[in-house]
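Chemist: Residue numbers (the working numbering): 25 to 447. Glycine included, C-beta positions come from ideal geometry on N, C-alpha and C. A single structure is presented below for examination.
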Ligand code: ACO
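Spelled out as structure tokens, the structure:
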């Protein structure tokens, strides 16, 4: 018998089935069976056939992908085969973004061209600006970002021509160019400040910070560039699978990122630190977490159960930032929380460690970014990951419109009772 198969015996009927195993690049990079192969497993003619039940897709591969590799147990994260630690140390954000999209690092000429193409799309149509002016002064910037990115779809109807690779590339550059501008406008709108137009003489991150306010460049954006099939990338693929344009699909992905269990966690970390209030209240808060009254935001990860390799790098950067900005009371609470949680049995046994959002949250706070801007700062660098996942999906002949099954647990067919009307 072929070794790359799985034998399944259905004990209800005694029937044995042999199902082929699909392997990743190397067997150690994951293997799966085609879920449809289970459909033949039936107890009778009328039976729908067996499905897998997997809320939250904890063990279901929705695609084959060659972009990002994660080994959660060993704390490995690689983009196109390159370890994240080396990329964070030696590559700029745009170099990494190019690698993610194209599969190889750019030559100096390719990088210069990539930067030029993106920066020339940084400007927003004046009507987009007007649209953003319509938001209430205290609108959450992430809500503004999600809505404005969706609205770009109406400005660029050519984005619907999904099968044209030249037009697709144009939308990618537009999205990459405009995300930081939308984010900066959202920030300045909330502050009541006049908008600053993009400057294509500056670097990608330099221009963003210039549109916000002058600051040093934030290098750890590389860490946020992609993270394979996470909640928001899955949404990008799922919405994109109905062949929508990339703007509305990106808006959907950004909306998923906004959730407190995903990229919105960095904002929630700060809200939690404020709620704790002082270092001496940390122990009490930990008790509430262990009693499951609250979750420790910025801790835990679906995939990383030993440590988050991004957190390891970003923690080092956090220490460098704090050397410049100095400590503050919220930072002291965060570090006390980290210290207690890392030594506590509950967190050790549940494999809960600080994730990237824990440190990004406290870095943004130390740099004085407004708290509600934190998820927006995550969405900008993640855009390249989303659009690369989207393009990979479009080019994958195996992909279909995303449409999961369900295990129905409701009523069997029943007669409608006589209609009772109140007069
Ligand atoms: N604080 C306290 N307990 C937690 C936490 C937490 N942050 N996370 C998980 N647990 C506990 C659960 O209560 C559960 O305990 P039990 O087995 O005794 O019932 C166990 O750990 C497993 O939890 P799940 O919810 O099943 O873990 P899952 O893998 O589904 O969730 C998630 C991962 C959503 C990230 C979770 O750890 C969490 O809510 N963390 C806080 C939010 C956060 O920081 N999110 C950012 C993630 S990084 C990113 O998206 C960029």
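(1) Quick check on residue 432: does DSSP put it in helix, strand or coil?
(2) Could you check the C-alpha separation between residue 262 and residue 30 for me, to the nearest Å?
(3) For a minimum of 3 consecutive residues, which ranges assigned as the beta strand (DSSP E) are wholly contained in the stretch 159-188?
(4) Which whole-angstrom value is the C-beta distance of residue 383 and residue 411, which I expect to be below 8 Å?
(5) Under the rule that 16 or more other beta-carbon atoms within 10 Å means buried, what is residue 256, buried or exposed?
(6) Taking 7 Å as the cut-off, is the C-beta of residue 323 nearer than that to any heavy atom in the ligand ACO?
(7) Leaving out five residues on either side along the sequence, give the residues of the same chain with a beta carbon under 6 Å from the beta carbon of residue 101.
(8) Looking at C-alpha atoms only, which residue of 418, 329, 56 and 41 is the closest neighbour of residue 47?
(9) Please classify residue 381 as buried or exposed, where buried requires at least 16 other C-beta atoms within 10 Å of its C-beta.
(10) Does residue 280 pass the burial test, meaning 16 or more other C-beta atoms within 10 Å, or should it be called exposed?
(11) Run the CB neighbour count on residue 324, radius 10 Å, all protein chains shown included, and call it buried at 16 or more, exposed below.
(12) What are the boundary residues of the beta strand (DSSP E) that residue 46 is part of?
(13) Nearest CA to the CA of residue 284: which residue from 292, 431 and 214?
(14) Measuring straight from C-alpha to C-alpha, what distance separates residue 302 and residue 391?
(15) Taking C-alpha atoms, which residue in 65, 26 and 438 lies nearest to residue 20?
(16) Hey, would you say residue 268 sits closer than 8 Å to residue 173, going by beta carbons?
(17) In three-state terms, what does DSSP make of residue 256?
(18) Please return the same chain residues whose Cβ sits closer than 7 Å to the Cβ of residue 119, not counting the five positions on each side in sequence.
(19) Distance check for residue 249 and residue 402, CA to CA, integer angstroms please.
Modeler: This is what the structure gives:
(1) Counting from one through the chain shown, the residue named residue 432 turns up at place 408. In the three-state DSSP reduction, residue 432 falls in the coil class, being neither helix nor strand.
(2) Reading the chain shown from its first residue, position 238 is the one you call residue 262. Reading the chain shown from its first residue, position 6 is the one you call residue 30. Taking the CA atoms as reference points, residue 262 sits about 29 Å from residue 30.
(3) None, since the stretch 159-188 contains no complete beta strand (DSSP E) of that length.
(4) The count along the chain shown starts at 1 and reaches residue 383 at position 359. The count along the chain shown starts at 1 and reaches residue 411 at position 387. Contact between residue 383 and residue 411 is absent: CB atoms are separated by about 26 Å, not below the 8 Å threshold.
(5) For the purposes of this step, residue 256 is taken as residue 232 along the chain shown, with counting starting at 1. Only buried fits residue 256, as 16 or more other CB atoms lie within 10 angstroms of its CB.
(6) On the chain shown, position 299 is the one that residue 323 refers to. Shortest gap from the CB of residue 323 to any heavy atom of the ligand ACO: under 7 Å.
(7) In the chain shown, counting from the first residue as 1, residue 101 sits at position 77. Annotation for residue 101: 94, 108 and 333 place their beta carbon closer than 6 Å to its own, counting only its chain and skipping 5 residues before and after.
(8) Locating residue 47 in the chain shown gives position 23, where the first residue counts as 1. The candidate whose alpha carbon is nearest that of residue 47 is 56.
(9) Your numbering for residue 381 matches position 357 in the chain shown. By the 10 Å Cβ count, residue 381 comes out buried.
(10) On the chain shown, residue 280 is found 256 positions in, with the first residue counted as 1. Burial call: buried.
(11) Numbered from 1 along the chain shown, position 300 holds the residue referred to as residue 324. With 16 or more neighbouring CB atoms inside 10 Å of its own CB, residue 324 falls in the buried class.
(12) The count along the chain shown starts at 1 and reaches residue 46 at position 22. According to the DSSP assignment, residue 46 belongs to the beta strand (DSSP E) that extends over 39-47.
(13) The residue given as residue 284 occupies position 260 in the chain shown. Residue 292 is the option with its Cα nearest to residue 284.
(14) Taking the chain shown and counting its residues from 1, one reaches residue 302 at position 278. Taking the chain shown and counting its residues from 1, one reaches residue 391 at position 367. Going by the C-alpha atoms only, they are around 20 Å apart.
(15) Residue 20 cannot be examined here, being either before or after the span of the chain that is shown, 25 to 447.
(16) In the chain shown, the residue the question calls residue 268 occupies position 244. In the chain shown, the residue the question calls residue 173 occupies position 149. Taking 8 Å as the cut-off, the beta carbon of residue 268 is found no closer than this to the beta carbon of residue 173.
(17) For the purposes of this step, residue 256 is taken as the residue at position 232 of the chain shown. Here residue 256 sits in helix by DSSP.
(18) Counting from 1 along the chain shown, the entry for residue 119 is found at position 95. Only 129, 130 and 135 meet the Cβ criterion.
(19) To locate residue 402, count along the chain shown from 1; it is residue 378. To locate residue 249, count along the chain shown from 1; it is residue 225. Spanning the two alpha carbons is a distance of roughly 9 Å.
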